[in-house]
Amino acid sequence: MNPSIPSAGAVELDAKDLPLHCPNPAMPIWSSHPRVFLDFGHDGNAKCPYCGTVYRLKPGVVVAGH
Numbered sequence: 585m586n587p588s589i590p591s592a593g594a595v596e597l598d599a600k601d602l603p604l605h606c607p608n609p610a611m612p613i614w615s616s617h618p619r620v621f622l623d624f625g626h627d628g629n630a631k632c633p634y635c636g637t638v639y640r641l642k643p644g645v646v647v648a649g650h
């Protein structure tokens, strides 16, 4: 996982970074809270209930379902 962090503070993810879980190994303290899997809302954002990290899909990313 190699998410980019834009200046707004949200972690931007690509389709290859899914499924999304927080914390992830790229974080400085990746074992800071229990791992939780997050779903993106209709706006393409997700927020961790433990640490408040905001995740956002990169523009143009389409999440394919089954």
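Residue numbers (the numbering used here): 585 to 650. For glycine and all other residues, C-beta sits at the position ideal for the given N, C-alpha and C. Being a predicted model, the structure only gives us computed values, none of them experimental.
Cutoff 7 Å; reference residue i; Cβ partners in own chain excluding five residues on either side
i      : result
Asp598 : Lys642 and Val645
His617 : Pro607, Tyr634 and Cys635
Local conformation of residue i per DSSP, three classes
i      : result
Lys631 : strand
Chain-order list of residues whose beta-carbon lies under 8 Å from that of residue i (same chain, five-residue window excluded)
i      : result
Lys631 : Leu622, Thr637, Val638 and Tyr639
Buried or exposed by the 16-neighbour rule on C-beta atoms within 10 Å, applied to residue i
i      : result
Val595 : buried
Asp601 : buried
Reference residue i; option with closest CA among the options
i      : options                   : result
Gly593 : Gly625, Ile613 and Asn629 : Asn629
His626 : Pro612, Val647 and Met611 : Val647
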